[in-house]
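Here the structure is laid out as structure tokens; the discussion comes afterwards.
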Amino acid sequence: MISFKMPSLGADMEDGTLAEWRKQPGDKLTRGEIIADVETQKGLIEIEFFGEGILEKHLVSEGQKVPVGTVIALINQEDESEESPVVEIPPSSWEAPIPSSEKLSVSESKVSTPVRASVERIKISPLAKKMAEVNQVDVSVIQGTGPEGAIVKEDIERFLSSREKPEVTPPSSKIEIPEQSRPSVPHHESIRMAVAAAMSRSHREIPQYYLEKRVDMSKALDWLKEANKERPIQKRLLPVALLIKAVAKALDEVPDLNAVWENGLQRMNEIHIGFVVSLRSGGIMVPAILNADVKTVDEIMETLNDLIPRTRAFKLRSSELSQSTFTITNMGDGGADKVFGIVYPPQVGIVGFGEIREEAVVEQGMIGIRPVMDVTLAADHRATDGLIGGKFLAALNKHLQNPESL
Amino acid sequence: MSQEIRLTYREALKSAIREALLKDEKVFLMGEDVGHYGGAFAVSKGLLQEFGPDRIMDVPLSESGFTGAGIGAALAGMRPIVEIMTINFSLLAMDQIFNNAATLSHMSGGQVNVPVVIRMGCGIGRQLAAQHSHSWEPFFAHVPGLIVLSVGTHEDARGMLLSALESPDPVILFEYTSMLNLEGSIPGDAGKVDIQKAKIRREGKDLSLITYGTGVYKCLEAADLLAKEGMDVEVVDLRVLRPLEEDTFLQSVAKTHRALIVEDAWKSVSISSEVSSRIMEKAFFELDLPVERLCGVEVPIPYPKHLEDASVPQVQDIVSRVKKMLKP
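Those protein sequences? They're chains A and B, same order as listed.
Residue 202 in my numbering sits at position 202 of the first sequence, and the numbers go up by one each step.
Residue 1094 in my numbering sits at position 94 of the second sequence, and the numbers go up by one each step.
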């Protein structure tokens, strides 16, 4: 039996509201299936399950808001046939192993009535209980994160800080809108707040260094022009697809930047490139292009064509929102010449692409007119030094000068 | 502030005895081999030559006899320091300590006091096997009428005896043989210490490590390691095991809301049992996690080094338990 927890969909996410269960107890789950929709500050996210098993029980009901890490469902990973090998998943440290006889009784009772937490005693630490009394908090709506799911001090503090202002205003005759019936598209303010939280954290915690390099884009653009000649309009490549691929390859060569800083530098095995998408309503989101290093430029373009509209419609999957290991911000047309990013924690680097424009370039004693692009890197100086950053920009430049091998 | 000096725990104990002998003529040291041999652990080496046989007194191998003699001398107005070589031999003197030293003030309606100081070497960690490796602080801390002190630091090795000699009531002083060669720094003018209160040895906000004796330096080391991983733990040295001073650790728990008690003594009916109860009784609504304990394993202490080490909490055990408590 494994505990399926409310996932973190970014450093700035503290809690999520379970909007809809897509799978019901008894349903069989296969790898990558969407198990539920969760509403966050960044919109309605489809939560995937990367394993196989049978959904045993929902622990959180629709409309309920719970902190990240709260167990929201139990999934039975054991196959029904006794003989088949079972992949062992270590239970969470607080979870006692359930003897098989008990498992049996759970699945039996399921047949008669849906399992329901009846008059369940709420586990809460004495301190949390005192805090709840002082602040008049109804503890039955809080999901504990302490030992055995007990409510501890932090849970109360989190609840108090998320308790919204209406609580403070005296109760009036105004009809309250129940949480479920609120529109699932997030407010502009909540996206703004999410961006604010992540960027403030970055600015507060991360000492960043900045590097800049001008890249001659003539070869890359020529290659694109050639490549697009053979492609139907829908399949044409944009420069950004090439840039993403080049970044992924450069990260493969300089793995210290494909990492997170969490009690030290931790390199990530896979390369998932986060791509900053601005929303029409204001604010930004950073969906990930998974395994960008092994995708072809065409596959990256396809991914972008699928991802960007879904991002703008707030229809992303959990893996796309939470897994990026490095970020790209791209000014595109009509923007600024240069863009200096702010590292998105816990990542350790962000590369910024300015607008591609024609400039006078000196080469071999001659002045020529070339399309150029200013590339910047902002990186976490706790994790790497300028030397590493410089190697990365050099590798990126090298790939953009050899687009045919990308 | 005078300059810091570096010295071993043994040297700190010895300089305290020497200072006491110099300051007050009524003070004398008695015990097995304390004179000609210089003490079983060389704590009193050279004192016989300096102070003579009247004040550094070798006694026969009879714990009940010489402890009783020390109590008698205290009743008669002297300030004896009785050394019991190791705590296991104190069992033979229990009747004198519990039935005479601890009770006479009460039995006489306060007419007589017993200002005796009884020092004993104790603790685990020198491969002395089951009969000579004991953390029996809880036995003595159980008895009203005694003052029971645990010498967990160099500062206390230098100062506790001097303060104990000023007490009108009998004091039991636990010294740890495994720490004798341990070097530490104390101020050059270090002297008497407060023997009524526990002491915060390191401030922290995430969890209180409550300990005494050999646990103090272990907990401080563990706290350093934890600090590197971002966990800020407080270390409380109980020092006074009877009468147990509770305000210090209760306030600490009120600040951190989490407590782990560490001691070498066997877990059942121990100092940690008592501390845990007091926290529950008096700081229940401050607790955010159940109180946890790391104590000696409940077996006769084994002789082989690896088993002996495994029988009492080590620094790494403390670190991993704290991590488990703070980051489930």
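We treat Cβ as the ideally placed atom computed from N, Cα and C, and that holds for glycine.
Every value quoted in this text rests on a predicted model; they were computed, and no experiment measured them.
Secondary structure of VAL1319 of chain B, DSSP reduced to three states: In the displayed model, VAL1319 of chain B falls within a helix according to three-state DSSP.
ASP1232 of chain B, DSSP secondary structure in three states: Reduced to three states, the DSSP call for ASP1232 of chain B is coil.
If you check the beta carbons only, do ALA36 of chain A and LYS23 of chain A fall under 9 angstroms apart? The answer is yes: Cβ separation under 9 angstroms.
When you compare each of A:VAL260, A:GLN77 and A:ILE151 to GLU270 of chain A by their alpha carbons, which one comes out closest? Minimum Cα distance to GLU270 of chain A is reached at A:VAL260.
Going by alpha carbons, who is nearest to PHE1051 of chain B out of B:MET1078, B:ARG1018, B:GLU1137 and B:ARG1201? It is B:ARG1018 whose Cα lies nearest to the Cα of PHE1051 of chain B.
Interface flag, ALA132 of chain A vs chain B, CB-CB below 9 angstroms: No - not a single Cβ of chain B is within 9 angstroms of the one on ALA132 of chain A.
Helix, strand or coil for GLY1065 of chain B, going by three-state DSSP, please let me know. In the three-state scheme derived from DSSP, where H, G and I count as helix and E and B as strand, GLY1065 of chain B is classed as helix.
How many Å lie between HIS1106 of chain B and ASP1095 of chain B at the Cα? In a straight line, the C-alpha of HIS1106 of chain B is about 16 angstroms away from that of ASP1095 of chain B.
Are the C-beta of GLU167 of chain A and some C-beta of chain B separated by less than 9 angstroms? At GLU167 of chain A, the pLDDT of 41 sits below 50, so the modelled position is not reliable; the number obtained from the coordinates is stated separately. By this cut-off, GLU167 of chain A is not an interface position.
Please classify VAL260 of chain A: does DSSP put it in a helix, a strand, or coil? The answer is strand: DSSP assigns VAL260 of chain A an E or B state.
If the cut is a Cβ gap below 9 angstroms, which residues of chain B does VAL411 of chain A touch? Chain A is shown from 1 up to 406; residue 411 of chain A falls before or after that span and cannot be answered.
When the Cα atoms are used, what is the spatial distance from GLY386 of chain A to LEU221 of chain A? The alpha-carbon atoms of GLY386 of chain A and LEU221 of chain A are separated by roughly 29 angstroms.
What is the DSSP secondary structure of GLY1031 of chain B, reduced to helix, strand or coil? Note: GLY1031 of chain B maps to strand in three-state DSSP.
For SER438 of chain A, which three-state DSSP category applies? Not covered by the structure: residue 438 of chain A. The range shown for chain A is 1 to 406.
Chain A residues whose Cβ lies nearer than 9 angstroms to that of GLY1204 of chain B: Result: empty, since nearest Cβ-Cβ is about 16 angstroms, beyond 9 angstroms.
Rounded to the nearest angstrom, how far is the Cβ of LEU1149 of chain B from that of LEU1173 of chain B, given a contact under 8 angstroms? Between LEU1173 of chain B and LEU1149 of chain B the Cβ distance is about 5 angstroms, and since that is below 8 angstroms, they are a contact.
Establish whether the CB of PHE1284 of chain B and some CB of chain A are separated by less than 9 angstroms. Cβ-Cβ to chain A under 9 angstroms: yes for PHE1284 of chain B.
Pull up the DSSP beta-bridge partners for GLU1183 of chain B, would you. Under DSSP, GLU1183 of chain B forms a beta bridge with B:THR1008.
Ends of the beta strand (DSSP E) at LYS1197 of chain B? Neither: LYS1197 of chain B is in no beta strand (DSSP E) and is coded neither H nor E.
Backbone secondary structure at TRP223 of chain A - three-state DSSP: TRP223 of chain A carries a helical assignment under DSSP once its states are collapsed to helix, strand and coil.
Of all the CB atoms in chain B, is at least one closer than 9 angstroms to the CB of ALA379 of chain A? Answer no: the Cβ-Cβ gap between ALA379 of chain A and chain B never drops below 9 angstroms.
Does GLY1070 of chain B pass the burial test, meaning 16 or more other C-beta atoms within 10 Å, or should it be called exposed? Burial call: buried.
Can the beta-carbon of GLU358 of chain A be found less than 9 angstroms from the beta-carbon of GLY335 of chain A? No; because the gap between Cβ atoms is not below 9 angstroms, this pair is not in contact.
For GLU1298 of chain B, return the contacting residues in chain A, with the cut-off set at a CB-CB distance below 7 angstroms. For GLU1298 of chain B, there are no C-beta contacts with chain A under 7 angstroms, since the nearest C-beta of that chain is about 24 angstroms from it.
Does the structure place the stretch 1056–1065 of chain B close enough to the stretch 1102–1116 of chain B that three or more beta carbon pairs sit under 8 angstroms? They do not touch, by the three-pair rule.
So what does LEU44 of chain A bridge to, in DSSP terms? A:GLU39 and A:LYS315, per the DSSP bridge assignment.
Whole angstroms is fine: what's the gap from LYS1205 of chain B's alpha carbon to VAL1253 of chain B's? Distance between LYS1205 of chain B and VAL1253 of chain B, taken at the CA atoms: about 9 angstroms.
Return no unless some Cβ of chain B is closer than 9 angstroms to the Cβ of LEU396 of chain A. Not closer than 9 angstroms to any Cβ of chain B, the Cβ of LEU396 of chain A fails to qualify, so no.
Tell me the DSSP secondary structure of ASP1206 of chain B in three-state form. In the displayed model, ASP1206 of chain B falls within coil according to three-state DSSP, outside both helix and strand.
Counting C-beta neighbours from all protein chains within 10 Å, is the total for ILE1271 of chain B 16 or more, i.e. buried, or is it exposed? ILE1271 of chain B is buried by the Cβ-count criterion.
In chain order, each alpha helix (DSSP H) run of at least 4 residues that lies wholly inside the stretch 1085–1155 of chain B: Runs found: 1104–1107 and 1137–1141.
Jot down the residue ranges of each uninterrupted beta strand (DSSP E) in the stretch 1219–1307 of chain B, minimum 3 residues, whole runs only, in chain order. For the stretch 1219–1307 of chain B, whole beta strand (DSSP E) runs of length 3 or above, ordered along the chain, are 1233–1237, 1240–1242, 1259–1266 and 1292–1296.
Below 7 angstroms on C-beta distance, what does GLU1229 of chain B contact in chain A? Residues of chain A passing the Cβ test: ASN263.
Quick test of your reading: MET285 of chain A and THR311 of chain A, contact by CB under 8 angstroms. State the CB separation rounded to the nearest angstrom. Between MET285 of chain A and THR311 of chain A a beta carbon distance of about 5 angstroms is seen, short of the 8 angstroms cut, so the two are scored as contacting.
With distances taken from CA atoms, which of A:PRO309, A:VAL351, A:ARG382 and A:GLN64 is nearest ILE244 of chain A? If we check each option's Cα against that of ILE244 of chain A, A:VAL351 comes out closest.
Which residues DSSP lists as bridging SER3 of chain A, in chain order: DSSP lists A:LEU74 as the bridge partner or partners of SER3 of chain A.
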